[in-house]
Amino acid sequence: MGHKFKKEISDFFFEYDTPRMVLVRDKKVGLTFRLIQFGVLCYIVGWVFLYEKGYQAVDDIISSVSVKMKGIAITNVPTMGTEIWDVADYVFPPQGDSSFVVMTNFIITPEQQMRNCNELPEVAPCKTNDDCKAMSTRLTQGLLTGKCLPINNEMGSCEVYAWCPVENDNIVPSPPLLLQAENFTLFIKNSITFPRHKVNRQNLVESVTSSYLRNCSYHKEKDPLCPVFRLGYIAEQTGQIFSNIAQKGGTIGIVIDWHCDLDWPLKHCKPTYHFHGLHDDNSVSKGFNFRHARYYKEDGIKKRTLFKVFGIRFDILVNGKGGKFDIIPTMTTIGSGIGIFGV
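Using UniProt numbering, read the sequence shown as starting at 1 and increasing by one per residue.
Here is the structure:
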């Protein structure tokens, strides 16, 4: 037993096996073998090296986005009169972040103050006070007082303590009150860095100058590097009609893609822009809206003008990768190719 164990140990350390090589003189076998080798070579050189750039180390981006809107609109609403709307009025929030809303339509409820008044009859219908006491406050715009106030001889509505008169948003203005927003312009400034490769870049590339910015307008084919976008053109690129999306609002995604080969001069690292509609026409909850109020005092009484704002929400997303030659992935790729040839 001990002798056998020693022999196995000796064989393990002091013997070396190699596969037997067989020379096959056959044209079909030889041609098939060379074709397989050629296919593997094309895969390694064409796909792995040239297309997938297997010789590069790839780095993700860190990005920062700031925006500026420009445009003026005018409205003539009976409860407001003639008003001029500029950036401070129709952009929410005003800081110029990568996610913001441009108001395109609104329902106004002026001169609201805190007091008792009727709720809308379709929200809180009643015939007696008991109907109001048993009613849920989920849909009401204020606190129920428990009283049923008559509207006509047959029906009434529950009294609420709220900002009165309560909002009635059943009728959405058509056409949109700020349809002129179609010609507003959006300026996007995007700064990125590839931290591993220590490369910084902006979408204001070498060809973008101050005089160019004052006159350019982005076009997918004619002017693809201009960072100034007309809102109507953005909506068009998503397959939407601006007047349709402006009435009840919606959401649009603007994607900035940076896919850079950093082995080439940096001037070749340029962004591309893509636009996507991120909403659907679901009739249950269509569009995008929120409420905004302007507060003031009149004769010492706190009042407000309430706006139900319909707008287009823009979300700017930045994606990208930067590849640069690195010896480690190069040797790894070459080693993998040699291994495949060995098989």
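Think of the CB as a built atom: it goes at the ideal place given N, C-alpha and C, for glycine as much as any other residue.
Here the structure is a predicted model, which is why all the values come from computation and not from measurement.
- Contact check for Lys-302 against Gln-141 fails: the beta carbons are separated by 8 Å or more.
- Residue Ala-235 holds the alpha-carbon nearest to the alpha-carbon of His-279 among Lys-267, Ala-235 and Arg-304.
- The residue among Phe-13, Thr-82, Asn-105 and Arg-201 with its C-alpha nearest the C-alpha of Asn-244 is Asn-105.
- For Asn-289, the enclosing beta strand (DSSP E) stretches over residues 289-298.
- Per DSSP, Val-40 is one residue of the alpha helix (DSSP H) stretching across 27-42.
- Along the length of the stretch 193-234, whole beta strand (DSSP E) runs at least 3 residues long occupy 199-202 and 228-230, reported in chain order.
- Excluding its 5 nearest sequence neighbours in each direction, Phe-290 has C-beta neighbours in its own chain below 7 Å: Val-309, listed in chain order.
- For Val-45, no beta strand (DSSP E) run applies, since DSSP gives it neither H nor E.
- Per DSSP, Ile-62 lies in no alpha helix (DSSP H) segment; the continuous beta strand (DSSP E) that holds it begins and ends at 62-70.
- Pairing Leu-179 with Ile-188, the inter-Cα distance amounts to about 22 Å.
- Using a C-beta cut-off of 8 Å, the stretch 316-323 makes contact with the stretch 244-263, since at least three inter-stretch Cβ pairs fall below that distance.
- Under the 8 Å Cβ criterion, the stretch 154-171 counts as touching the stretch 117-137, having at least three qualifying pairs.
- Assignment of Asn-152 by DSSP, reduced to helix, strand and coil, places it in the coil class.
- Our two residues, Ser-217 and Val-228, have alpha carbons roughly 5 Å apart in a direct line.
- The way I'd put it, the stretch 61-72 does touch the stretch 89-107; three or more beta-carbon pairs between them come closer than 8 Å.
- Of the candidates Ile-312, Leu-266 and Asn-215, the residue whose Cα lies closest to the Cα of Lys-286 is Ile-312.
- A distance below 8 Å separates the beta carbons of Gly-249 and Phe-288.
- The beta carbon of Cys-269 lies closer than 6 Å to those of Arg-201 and Cys-260 in the same chain, with the five residues before and after it left out.
- At least 8 Å separates the beta-carbon of Gly-277 from that of Ile-241.
- Sequence-distant partners of Leu-143 (beyond 5 residues in either direction) whose C-beta falls short of 8 Å from its own C-beta, in its chain, are Thr-137, Val-160, Tyr-161 and Ala-162.
- Shown here, Glu-8 sits in a helix according to DSSP, grouped into three states.
- Val-208 and Asn-215 have their C-alpha atoms roughly 11 Å apart.
- Remark: C-beta atoms of Lys-324 and Ala-57 approach each other more closely than 8 Å.
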